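Below: one structure, written as structure tokens.
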Amino acid sequence: MKKTLAILFASTALTAGIGFPAWSAMHETTLFEGLSDAVLDAGQDLGVVLASDDDDDDRDHGRQFRRGDDDEDDEDDSRGDSVSAPAPAGSVAPPNNGLFGNGAAPKAQVN
Amino acid sequence: MRNILAALALTTALTLPGIAMARPVTLTTTLKNYGGNGAYLAIYVTDPKGAYAGSLWMAGTKSKYYGHLSDWYRATGGNTAEINGITGASVGAGRRLAITLDLADALFDAGYTLHVDAAVEDMRDSPNEIAVPLTAKGAGQPVQGRRYIAHFSYGM
Numbered sequence: 001m002k003k004t005l006a007i008l009f010a011s012t013a014l015t016a017g018i019g020f021p022a023w024s025a026m027h028e029t030t031l032f033e034g035l036s037d038a039v040l041d042a043g044q045d046l047g048v049v050l051a052s053d054d055d056d057d058d059r060d061h062g063r064q065f066r067r068g069d070d071d072e073d074d075e076d077d078s079r080g081d082s083v084s085a086p087a088p089a090g091s092v093a094p095p096n097n098g099l100f101g102n103g104a105a106p107k108a109q110v111n
Numbered sequence: 001m002r003n004i005l006a007a008l009a010l011t012t013a014l015t016l017p018g019i020a021m022a023r024p025v026t027l028t029t030t031l032k033n034y035g036g037n038g039a040y041l042a043i044y045v046t047d048p049k050g051a052y053a054g055s056l057w058m059a060g061t062k063s064k065y066y067g068h069l070s071d072w073y074r075a076t077g078g079n080t081a082e083i084n085g086i087t088g089a090s091v092g093a094g095r096r097l098a099i100t101l102d103l104a105d106a107l108f109d110a111g112y113t114l115h116v117d118a119a120v121e122d123m124r125d126s127p128n129e130i131a132v133p134l135t136a137k138g139a140g141q142p143v144q145g146r147r148y149i150a151h152f153s154y155g156m
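Going down the list, the protein sequences come from chains D and P.
No gaps in the numbering here: position 1 of the first sequence is 1 in UniProt numbering, and each next residue is one more.
No gaps in the numbering here: position 143 of the second sequence is 143 in UniProt numbering, and each next residue is one more.
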């Protein structure tokens, strides 16, 4: 009887020792999310404003361009539309938009 | 003789306003050392009502990226005819782009605003990074950018 109890005790201890960490790891994310939700809810209840380094303007314009998979053909297509590349400066007159006083081509310098 | 003088007076009268209506302006944009590839910059003007008036310069030649200059793109629909003849290479981090052009006098002290949209590969877009009223008084006054542009100024 003592032997049976000892085996039962040992198997329970092993199960608990191995099983609990595994179970804990599986539920860690859920627990954390639950915890963070609880903290956020508590903050809202108390009228707390959570600070962030992202301002609204950043959130509106969080896009970024990547060379991406359409770089291989190197065609100038804007958002899927077939748009030709603009004529480089000096090759044609600037657009007649009323901004350029005498129609002379602008000169650019990078240094 | 009278005819020649009359013709001379007429051509002078027609030419002088044309000369007086524009002034050479240098737009200087200095980029921060943001640690990325060359920046695409769209430099354009809006009228006193905030409506797009026209483009002055596009730094960056691949039109497929123009959508990331989102305010400019929204105003123009990405129409490259808006920037034919005023397009050059993108500008590297820490570099300075100086553009000299003849700007119409009517743009100054009349409620027009100069804007710069900026975008860099694999980094966040920055529309309307610079918005500066075009005034004679504002010439030579550097304006700080939000993300990629260290400062911008126009000189007359």
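Glycine included, C-beta positions come from ideal geometry on N, C-alpha and C.
All values derive from a computational prediction rather than experimental measurement.
Inter-residue spacing [alpha-carbon to alpha-carbon] between residue i and residue j
i: I41(P); j: W72(P); result: With the sequence shown as reference, residue 41(P) is identified as Leu, and Ile is not the correct amino acid for it. Roughly 10 angstroms separates the two Cα atoms.
i: S90(P); j: A105(D); result: 18 angstroms
i: T29(P); j: A106(P); result: 23 angstroms
i: R124(P); j: A10(D); result: 58 angstroms
i: L97(P); j: E82(P); result: 20 angstroms
Assumed close pair residue i, residue j - CB separation to whole angstroms, cut-off 8 angstroms
i: H115(P); j: Y44(P); result: 6 angstroms
i: G88(P); j: P88(D); result: 7 angstroms
i: V110(D); j: R95(P); result: 5 angstroms
i: A93(P); j: K32(P); result: 7 angstroms
i: V143(P); j: A39(P); result: The Cβ separation is near 16 angstroms, so there is no contact.
i: G54(P); j: N97(D); result: 3 angstroms
i: G36(P); j: D122(P); result: 7 angstroms
DSSP-derived helix/strand/coil call for residue i
i: A98(P); result: strand
i: D105(P); result: helix
i: I86(P); result: coil
i: A150(P); result: strand
i: K137(P); result: coil
i: A10(D); result: helix
i: L5(D); result: helix
i: A108(D); result: strand
i: A81(P); result: helix
Any chance the segment 136-144 of chain P sits against the segment 56-74 of chain P, with 3 or more Cβ pairs inside 8 angstroms? no
Can you find at least 3 beta carbon pairs, one from the segment 119-131 of chain P and one from the segment 75-83 of chain P, that sit closer than 8 angstroms? no
Ranges of the alpha helix (DSSP H) found wholly within the segment 26-79 of chain P, counting only runs of at least 4: 70-76
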